[in-house]
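Student: For the sequence shown, the positions run 89 to 440 when our numbering is used. The beta-carbon is built from N, C-alpha and C at its ideal position, and this holds for glycine as well. Fair warning: this is a prediction, and the values are worked out from it, not measured in the lab. This is the structure, below, for whatever I ask next.
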Amino acid sequence: MTDLETVVAVIIILALVIGIALSLLISAPLDGTLVRFRANYTPKGLALDGDNPGKPHVGPVVTNYFQMFSRVKRIEGYSGLFKGIMPTAILLLLIGIFSGLWIGTASATNPGSGKSAVLSLNLFELLVFALFVSIVSIPATIIVNRTIVTPHKLPTWRPLFALRILLTQHERSQPWILFLTPGLALAQSLRVLWIVLVQHTARRWLLPSSFIVNDLIGQNRRFRRPADFTTGRFTAYFLVLALSTPILTALQVMITRLSLQRNHVSDNGFTVVPQDENARSSVRGHGAAGEDIEFAGLDEDVVGLRPEDDPYTGIVDCAKRILDEEGAEVLLRGWWITLLVGCLGVFNRSLM
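Here it is in C-alpha coordinates:
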(Lines of atoms letter the chains of each structure in order from A; the text may use other names.)
(Lines give C-alpha, C1' and ligand atoms only; values in the text may rest on other atoms or scores of the structure.)
Protein backbone atom coordinates (compact mmCIF):
# COMPACT_ATOMS: atom_id res chain seq x y z
CA MET A 89 0.00 0.00 0.00
CA THR A 90 1.42 3.38 -1.03
CA ASP A 91 1.56 6.43 1.21
CA LEU A 92 -1.30 8.01 -0.72
CA GLU A 93 -3.49 4.94 -0.29
CA THR A 94 -2.70 4.92 3.42
CA VAL A 95 -3.71 8.56 3.77
CA VAL A 96 -6.94 7.93 1.86
CA ALA A 97 -7.75 4.93 4.06
CA VAL A 98 -7.15 6.98 7.22
CA ILE A 99 -9.32 9.81 5.91
CA ILE A 100 -12.14 7.38 5.10
CA ILE A 101 -11.98 5.84 8.59
CA LEU A 102 -11.92 9.27 10.24
CA ALA A 103 -14.87 10.38 8.13
CA LEU A 104 -16.77 7.26 9.17
CA VAL A 105 -16.02 7.83 12.86
CA ILE A 106 -16.95 11.53 12.70
CA GLY A 107 -20.14 10.73 10.80
CA ILE A 108 -21.17 8.14 13.39
CA ALA A 109 -20.38 10.56 16.24
CA LEU A 110 -22.48 13.35 14.75
CA SER A 111 -25.40 11.05 14.03
CA LEU A 112 -25.28 9.62 17.55
CA LEU A 113 -25.44 13.07 19.13
CA ILE A 114 -28.81 13.45 17.46
CA SER A 115 -30.14 9.90 17.50
CA ALA A 116 -28.96 8.65 20.92
CA PRO A 117 -31.50 10.62 23.00
CA LEU A 118 -34.29 9.75 20.56
CA ASP A 119 -33.44 6.05 20.34
CA GLY A 120 -32.87 5.78 24.07
CA THR A 121 -36.26 7.29 24.81
CA LEU A 122 -37.91 4.86 22.41
CA VAL A 123 -36.21 1.86 24.05
CA ARG A 124 -37.37 2.96 27.50
CA PHE A 125 -40.88 3.71 26.27
CA ARG A 126 -41.20 0.20 24.85
CA ALA A 127 -39.49 -1.43 27.83
CA ASN A 128 -41.72 0.18 30.48
CA TYR A 129 -43.82 -2.52 32.15
CA THR A 130 -47.32 -1.26 33.00
CA PRO A 131 -49.56 -4.15 34.11
CA LYS A 132 -53.22 -3.47 34.61
CA GLY A 133 -54.14 -2.86 38.24
CA LEU A 134 -57.27 -3.73 40.18
CA ALA A 135 -59.93 -1.02 40.02
CA LEU A 136 -61.38 -0.51 43.51
CA ASP A 137 -63.92 2.03 42.36
CA GLY A 138 -66.57 0.27 40.29
CA ASP A 139 -67.71 3.58 38.86
CA ASN A 140 -64.31 4.25 37.35
CA PRO A 141 -64.43 3.14 33.70
CA GLY A 142 -60.69 3.53 33.27
CA LYS A 143 -58.12 0.78 33.59
CA PRO A 144 -55.59 1.61 36.33
CA HIS A 145 -52.01 0.49 35.79
CA VAL A 146 -49.21 -0.38 38.17
CA GLY A 147 -45.81 1.27 37.78
CA PRO A 148 -44.76 4.38 35.85
CA VAL A 149 -47.64 5.21 33.52
CA VAL A 150 -46.23 6.97 30.46
CA THR A 151 -48.74 7.20 27.65
CA ASN A 152 -46.59 8.59 24.86
CA TYR A 153 -43.05 8.98 23.59
CA PHE A 154 -42.69 12.64 24.54
CA GLN A 155 -43.76 12.00 28.13
CA MET A 156 -41.01 9.40 28.39
CA PHE A 157 -38.47 11.87 27.00
CA SER A 158 -39.48 14.41 29.68
CA ARG A 159 -39.40 11.74 32.38
CA VAL A 160 -35.85 10.68 31.47
CA LYS A 161 -34.72 14.31 31.52
CA ARG A 162 -36.40 14.97 34.89
CA ILE A 163 -35.09 11.87 36.69
CA GLU A 164 -31.64 11.31 35.16
CA GLY A 165 -30.84 14.61 33.47
CA TYR A 166 -29.08 15.06 30.15
CA SER A 167 -26.65 12.24 30.89
CA GLY A 168 -29.59 9.85 31.04
CA LEU A 169 -30.65 10.85 27.55
CA PHE A 170 -27.27 9.77 26.19
CA LYS A 171 -27.13 6.38 27.90
CA GLY A 172 -25.97 3.67 25.55
CA ILE A 173 -24.10 5.99 23.20
CA MET A 174 -20.73 4.22 23.59
CA PRO A 175 -21.85 0.63 22.84
CA THR A 176 -24.07 1.95 20.05
CA ALA A 177 -21.10 3.75 18.48
CA ILE A 178 -19.00 0.59 18.59
CA LEU A 179 -21.85 -1.45 17.09
CA LEU A 180 -22.43 1.01 14.25
CA LEU A 181 -18.70 1.19 13.48
CA LEU A 182 -18.39 -2.59 13.28
CA ILE A 183 -21.54 -2.93 11.15
CA GLY A 184 -20.33 -0.14 8.87
CA ILE A 185 -16.97 -1.81 8.32
CA PHE A 186 -18.53 -5.24 7.85
CA SER A 187 -21.16 -3.92 5.44
CA GLY A 188 -18.50 -2.17 3.40
CA LEU A 189 -16.48 -5.38 3.12
CA TRP A 190 -19.47 -7.59 2.33
CA ILE A 191 -21.81 -5.45 0.20
CA GLY A 192 -19.21 -3.08 -1.21
CA THR A 193 -17.68 -5.82 -3.31
CA ALA A 194 -21.01 -6.38 -5.06
CA SER A 195 -21.09 -2.92 -6.62
CA ALA A 196 -17.42 -3.18 -7.58
CA THR A 197 -18.39 -5.67 -10.28
CA ASN A 198 -20.55 -3.01 -11.93
CA PRO A 199 -18.75 0.31 -11.46
CA GLY A 200 -20.22 3.48 -12.87
CA SER A 201 -23.77 2.10 -13.03
CA GLY A 202 -24.93 4.37 -10.26
CA LYS A 203 -26.63 1.43 -8.60
CA SER A 204 -26.75 1.09 -4.85
CA ALA A 205 -24.63 -1.77 -3.56
CA VAL A 206 -27.79 -3.21 -2.05
CA LEU A 207 -29.42 -3.39 -5.48
CA SER A 208 -26.36 -5.25 -6.77
CA LEU A 209 -27.22 -8.14 -4.45
CA ASN A 210 -29.93 -10.60 -5.37
CA LEU A 211 -32.74 -11.24 -2.91
CA PHE A 212 -31.15 -14.37 -1.44
CA GLU A 213 -27.77 -12.69 -0.91
CA LEU A 214 -29.43 -9.70 0.71
CA LEU A 215 -31.52 -11.92 2.98
CA VAL A 216 -28.48 -13.93 4.08
CA PHE A 217 -26.53 -10.74 4.76
CA ALA A 218 -29.36 -9.12 6.76
CA LEU A 219 -30.04 -12.25 8.82
CA PHE A 220 -26.34 -12.73 9.52
CA VAL A 221 -25.92 -9.15 10.74
CA SER A 222 -29.08 -9.27 12.89
CA ILE A 223 -28.09 -12.53 14.60
CA VAL A 224 -24.44 -11.58 15.11
CA SER A 225 -25.49 -8.23 16.59
CA ILE A 226 -27.70 -9.87 19.26
CA PRO A 227 -25.10 -9.44 22.06
CA ALA A 228 -24.67 -5.78 21.09
CA THR A 229 -28.44 -5.27 21.07
CA ILE A 230 -28.66 -6.78 24.54
CA ILE A 231 -25.84 -4.63 25.91
CA VAL A 232 -27.13 -1.42 24.32
CA ASN A 233 -30.71 -1.90 25.57
CA ARG A 234 -29.62 -2.88 29.08
CA THR A 235 -27.26 0.10 29.22
CA ILE A 236 -30.13 2.43 28.31
CA VAL A 237 -32.64 0.95 30.75
CA THR A 238 -30.48 0.25 33.82
CA PRO A 239 -30.97 2.74 36.66
CA HIS A 240 -27.25 2.60 37.46
CA LYS A 241 -24.64 5.09 36.35
CA LEU A 242 -22.20 3.14 34.24
CA PRO A 243 -18.55 4.23 33.91
CA THR A 244 -17.91 5.30 30.33
CA TRP A 245 -14.26 4.30 30.20
CA ARG A 246 -14.49 1.13 32.28
CA PRO A 247 -16.34 -1.32 30.04
CA LEU A 248 -15.42 -4.44 32.02
CA PHE A 249 -16.86 -2.98 35.21
CA ALA A 250 -20.00 -1.92 33.34
CA LEU A 251 -20.41 -5.42 31.93
CA ARG A 252 -20.31 -6.85 35.45
CA ILE A 253 -23.43 -4.81 36.16
CA LEU A 254 -25.21 -5.49 32.88
CA LEU A 255 -24.46 -9.21 32.50
CA THR A 256 -24.86 -12.07 34.92
CA GLN A 257 -21.93 -14.24 35.92
CA HIS A 258 -23.43 -16.98 33.76
CA GLU A 259 -23.51 -14.67 30.73
CA ARG A 260 -19.96 -13.46 31.33
CA SER A 261 -18.55 -16.96 31.72
CA GLN A 262 -20.49 -18.30 28.71
CA PRO A 263 -21.07 -15.34 26.34
CA TRP A 264 -22.71 -17.53 23.69
CA ILE A 265 -25.68 -17.84 26.06
CA LEU A 266 -26.72 -14.36 24.89
CA PHE A 267 -27.60 -15.85 21.50
CA LEU A 268 -29.92 -18.30 23.28
CA THR A 269 -31.95 -15.63 25.08
CA PRO A 270 -35.48 -17.05 24.68
CA GLY A 271 -37.29 -15.64 21.66
CA LEU A 272 -34.79 -12.91 20.83
CA ALA A 273 -33.10 -14.48 17.81
CA LEU A 274 -36.50 -15.49 16.39
CA ALA A 275 -37.92 -12.00 16.85
CA GLN A 276 -34.87 -10.45 15.18
CA SER A 277 -35.11 -12.90 12.28
CA LEU A 278 -38.83 -12.31 11.74
CA ARG A 279 -38.25 -8.57 11.63
CA VAL A 280 -35.49 -8.94 9.04
CA LEU A 281 -37.56 -11.37 6.96
CA TRP A 282 -40.46 -8.92 6.83
CA ILE A 283 -38.26 -5.95 5.93
CA VAL A 284 -36.42 -7.80 3.16
CA LEU A 285 -39.20 -9.95 1.71
CA VAL A 286 -42.06 -7.45 2.00
CA GLN A 287 -40.89 -3.84 2.28
CA HIS A 288 -37.67 -4.13 0.31
CA THR A 289 -39.30 -6.22 -2.41
CA ALA A 290 -42.19 -3.77 -2.71
CA ARG A 291 -39.71 -0.91 -3.01
CA ARG A 292 -37.81 -2.70 -5.79
CA TRP A 293 -41.02 -3.24 -7.73
CA LEU A 294 -42.72 0.10 -7.14
CA LEU A 295 -39.81 2.56 -6.77
CA PRO A 296 -36.72 0.95 -8.31
CA SER A 297 -35.14 4.33 -9.09
CA SER A 298 -34.88 5.05 -5.35
CA PHE A 299 -31.86 2.70 -5.31
CA ILE A 300 -30.10 4.30 -8.28
CA VAL A 301 -28.23 7.52 -7.61
CA ASN A 302 -27.95 8.44 -11.29
CA ASP A 303 -31.74 8.48 -11.54
CA LEU A 304 -32.08 10.77 -8.52
CA ILE A 305 -29.26 13.22 -9.23
CA GLY A 306 -28.76 14.86 -12.59
CA GLN A 307 -25.58 16.19 -14.13
CA ASN A 308 -26.02 19.48 -12.26
CA ARG A 309 -25.99 17.49 -8.96
CA ARG A 310 -29.57 18.47 -8.21
CA PHE A 311 -32.33 16.09 -7.29
CA ARG A 312 -34.60 15.16 -10.15
CA ARG A 313 -37.81 13.18 -10.10
CA PRO A 314 -37.53 9.76 -11.79
CA ALA A 315 -40.31 8.53 -14.05
CA ASP A 316 -41.44 5.87 -11.57
CA PHE A 317 -41.96 8.43 -8.78
CA THR A 318 -45.69 8.75 -9.50
CA THR A 319 -48.54 9.41 -7.09
CA GLY A 320 -49.97 5.95 -7.66
CA ARG A 321 -46.69 4.15 -6.98
CA PHE A 322 -45.98 6.25 -3.88
CA THR A 323 -49.49 5.56 -2.59
CA ALA A 324 -49.09 1.82 -3.14
CA TYR A 325 -45.73 1.80 -1.37
CA PHE A 326 -47.14 3.85 1.51
CA LEU A 327 -49.93 1.28 1.93
CA VAL A 328 -47.28 -1.43 2.20
CA LEU A 329 -45.51 0.60 4.89
CA ALA A 330 -48.78 1.26 6.71
CA LEU A 331 -49.66 -2.44 6.76
CA SER A 332 -46.12 -3.31 7.87
CA THR A 333 -46.05 -0.78 10.71
CA PRO A 334 -48.09 -2.70 13.36
CA ILE A 335 -46.20 -5.92 12.62
CA LEU A 336 -42.73 -4.37 12.79
CA THR A 337 -43.62 -2.25 15.82
CA ALA A 338 -44.87 -5.27 17.76
CA LEU A 339 -41.69 -7.18 16.89
CA GLN A 340 -39.54 -4.25 18.00
CA VAL A 341 -41.40 -4.01 21.31
CA MET A 342 -40.87 -7.73 21.91
CA ILE A 343 -37.20 -7.50 20.90
CA THR A 344 -36.75 -4.76 23.50
CA ARG A 345 -38.50 -6.74 26.25
CA LEU A 346 -36.70 -10.00 25.50
CA SER A 347 -33.27 -8.35 25.29
CA LEU A 348 -33.66 -7.06 28.86
CA GLN A 349 -34.11 -10.51 30.38
CA ARG A 350 -30.86 -11.74 31.89
CA ASN A 351 -29.84 -15.38 31.55
CA HIS A 352 -29.23 -17.41 34.69
CA VAL A 353 -28.70 -21.02 35.66
CA SER A 354 -31.18 -22.37 38.17
CA ASP A 355 -31.70 -25.74 39.79
CA ASN A 356 -34.10 -26.61 36.99
CA GLY A 357 -31.75 -25.58 34.20
CA PHE A 358 -31.86 -22.53 31.96
CA THR A 359 -34.07 -19.66 33.12
CA VAL A 360 -34.26 -15.94 32.58
CA VAL A 361 -34.84 -12.94 34.82
CA PRO A 362 -35.35 -9.29 33.95
CA GLN A 363 -32.50 -6.90 33.25
CA ASP A 364 -31.83 -5.25 36.56
CA GLU A 365 -33.32 -7.40 39.30
CA ASN A 366 -30.15 -9.39 39.92
CA ALA A 367 -28.06 -6.25 39.97
CA ARG A 368 -30.36 -4.72 42.57
CA SER A 369 -30.20 -7.71 44.88
CA SER A 370 -26.50 -8.53 44.57
CA VAL A 371 -24.74 -5.25 43.89
CA ARG A 372 -27.08 -2.57 45.21
CA GLY A 373 -24.69 0.10 46.33
CA HIS A 374 -21.58 -1.98 45.80
CA GLY A 375 -19.69 -3.19 42.76
CA ALA A 376 -18.21 -6.59 42.27
CA ALA A 377 -14.94 -5.31 43.68
CA GLY A 378 -16.54 -3.49 46.60
CA GLU A 379 -16.87 -0.22 44.71
CA ASP A 380 -19.89 2.01 45.09
CA ILE A 381 -22.44 1.93 42.29
CA GLU A 382 -24.33 5.16 41.77
CA PHE A 383 -27.91 5.33 40.66
CA ALA A 384 -28.80 7.78 37.91
CA GLY A 385 -32.08 8.70 39.60
CA LEU A 386 -32.10 9.46 43.31
CA ASP A 387 -35.78 8.93 44.08
CA GLU A 388 -37.21 6.64 41.40
CA ASP A 389 -36.41 4.62 38.31
CA VAL A 390 -37.41 5.85 34.88
CA VAL A 391 -39.13 2.61 33.85
CA GLY A 392 -40.64 -0.41 35.51
CA LEU A 393 -39.48 -3.91 34.55
CA ARG A 394 -41.27 -7.23 34.68
CA PRO A 395 -40.82 -9.25 37.91
CA GLU A 396 -38.03 -11.81 37.82
CA ASP A 397 -40.14 -14.70 39.07
CA ASP A 398 -42.31 -14.82 35.94
CA PRO A 399 -40.23 -14.06 32.82
CA TYR A 400 -41.19 -14.34 29.18
CA THR A 401 -40.30 -17.79 27.86
CA GLY A 402 -40.32 -16.93 24.15
CA ILE A 403 -41.74 -14.65 21.49
CA VAL A 404 -45.25 -16.17 21.56
CA ASP A 405 -45.37 -16.08 25.35
CA CYS A 406 -44.11 -12.49 25.29
CA ALA A 407 -46.89 -11.40 22.92
CA LYS A 408 -49.58 -13.20 24.94
CA ARG A 409 -48.37 -11.82 28.27
CA ILE A 410 -48.23 -8.26 26.95
CA LEU A 411 -51.76 -8.55 25.57
CA ASP A 412 -53.14 -10.11 28.76
CA GLU A 413 -51.26 -8.03 31.32
CA GLU A 414 -50.86 -4.63 29.68
CA GLY A 415 -53.10 -4.39 26.64
CA ALA A 416 -52.70 -4.36 22.87
CA GLU A 417 -51.67 -0.70 22.79
CA VAL A 418 -48.32 -1.63 24.37
CA LEU A 419 -47.37 -3.62 21.27
CA LEU A 420 -47.89 -0.47 19.20
CA ARG A 421 -45.70 1.86 21.25
CA GLY A 422 -43.83 4.18 18.92
CA TRP A 423 -45.70 2.99 15.83
CA TRP A 424 -45.48 6.42 14.21
CA ILE A 425 -41.69 6.34 14.48
CA THR A 426 -41.60 3.00 12.66
CA LEU A 427 -43.81 4.44 9.91
CA LEU A 428 -41.74 7.62 9.66
CA VAL A 429 -38.48 5.68 9.33
CA GLY A 430 -40.02 3.58 6.58
CA CYS A 431 -41.18 6.65 4.66
CA LEU A 432 -37.81 8.38 4.93
CA GLY A 433 -36.15 5.17 3.78
CA VAL A 434 -37.40 5.82 0.24
CA PHE A 435 -34.60 8.36 -0.13
CA ASN A 436 -31.95 6.09 1.39
CA ARG A 437 -30.06 3.88 -1.08
CA SER A 438 -29.82 0.99 1.33
CA LEU A 439 -31.92 -1.82 2.75
CA MET A 440 -34.61 0.49 4.07
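So, is Gln287 buried or exposed, given that buried needs 16 or more other C-beta atoms within 10 angstroms?
Tutor: Burial state of Gln287 is buried, judged by a 10 Å Cβ sphere holding 16 or more other Cβ atoms.
Student: Could you tell me the alpha carbon to alpha carbon distance between Phe125 and Ile114, rounded to whole angstroms?
Tutor: 18 Å
Student: Is it true that the CB of Thr256 sits closer than 8 Å to the CB of Arg462?
Tutor: Residue 462 falls outside the range modelled here, since the chain spans only 89 to 440, and no answer is possible.
Student: In the DSSP output, what is His240 paired with across the bridge?
Tutor: Phe383
Student: In three-state terms, what does DSSP make of Ser225?
Tutor: coil
Student: Does the pairing of the stretch 160-178 with the stretch 233-246 give three or more beta-carbon distances under 8 Å?
Tutor: Output reads yes: the stretch 233-246 touches the stretch 160-178.
Student: Taking the beta carbon of Asp389 as the centre, do at least 16 other beta carbons fall within 10 Å, making it buried, or is it exposed?
Tutor: It is buried - the Cβ of Asp389 has at least 16 other Cβ atoms within 10 Å.
Student: When the Cα atoms are used, what is the spatial distance from Pro395 to Asp119?
Tutor: 24 Å
Student: Relative to the alpha-carbon of Ile403, which residue among Gly271, Gly430, Ser167 has its alpha-carbon at the smallest distance?
Tutor: Out of Gly271, Gly430, Ser167, Gly271 has the C-alpha closest to the C-alpha of Ile403.
Student: What three-state label does DSSP hand Glu259 in the structure shown?
Tutor: Glu259: helix per DSSP, three-state reduction.
Student: In the DSSP assignment, find the alpha helix (DSSP H) that holds Trp424 and state where it starts and stops.
Tutor: 423-432
Student: Taking the CB atoms as reference points, tell me whether Tyr153 and Leu180 lie closer together than 8 Å.
Tutor: no
Student: Considering Ser158, what are the terminal residues of the alpha helix (DSSP H) in which it resides?
Tutor: 153-169
Student: If you measure between the beta carbons of Arg292 and Leu336, is that distance less than 8 Å?
Tutor: Annotated as distal: Arg292 and Leu336, with beta-carbon spacing of 8 Å or more.
Student: Can you give me the Cβ contacts of Ile265 inside the same chain, cut-off strictly under 6 Å, excluding the 5 residues immediately before and after it?
Tutor: Glu259, Asn351
Student: Please list the terminal residues of the continuous alpha helix (DSSP H) segment that includes Ala315.
Tutor: Here Ala315 belongs to no alpha helix (DSSP H), and DSSP marks it neither H nor E.
Student: Around the C-beta of Phe220, are 16 or more other C-beta atoms found within 10 angstroms, so that it is buried, or is it exposed?
Tutor: By the neighbour-count rule (16 or more Cβ atoms within 10 Å), Phe220 is not buried but exposed.
Student: Excluding five sequence neighbours on each side, which residues of the same chain lie with their C-beta closer than 8 Å to the C-beta of Val149?
Tutor: Thr130
Student: Whose C-beta lies closer than 8 Å to the C-beta of Glu382 among residues of the same chain, with five residues either side of it excluded?
Tutor: His240, Lys241
Student: Are there three or more Cβ pairs, one per stretch, closer than 8 Å when the stretch 211-226 is compared with the stretch 321-334?
Tutor: no
Student: Looking at the unbroken alpha helix (DSSP H) that takes in Leu113, where does it start and where does it end?
Tutor: Here the alpha helix (DSSP H) through Leu113 covers 91-127.
Student: Please state if the CB of Ser277 and the CB of Ser187 are separated by a distance shorter than 8 Å.
Tutor: Between Ser187 and Ser277, the C-beta gap is not smaller than 8 Å, which leaves the two residues out of contact.
Student: Quick one: what does DSSP say Leu214 is sitting in, helix, strand or coil?
Tutor: Three-state DSSP puts Leu214 in a helix.
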